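Residue numbers (our numbering): 3 to 87. From the three backbone atoms N, C-alpha and C, an ideal C-beta is built for every residue, glycine too. All values reported here derive from a predicted model rather than from experimental measurement. Note sheet for the following structure.
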């Protein structure tokens, strides 16, 4: 059994799989309205679908006045998780 690295305390990783990038981004945007520190990584999924990964800070509520570019941090992890290859 493979061990996964968990996100840091107070953070959660969310995986979104959708038929279109627009649908995945809409879900990600909804999460950004609730949680601060959303980090986004996008990958192609099987059959042309879109896979989007977010790391959200569950301990900090989203700021009402933050701009979208400020909500996206540089990626801390890259590539697909081992169970998604």
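Check: C-beta atoms of residue 39 and residue 57 nearer than 9 Å; Outcome: yes
Check: Inter-residue Cα distance where the pair is residue 31 and residue 49; Outcome: 24 Å
Check: Cut-off 6 Å between Cβ atoms - residues of its own chain near residue 17, not counting five sequence neighbours on either side; Outcome: 55
Check: Pairwise C-alpha distance: residue 9 and residue 46; Outcome: 22 Å
Check: Pairwise C-alpha distance: residue 63 and residue 12; Outcome: 11 Å
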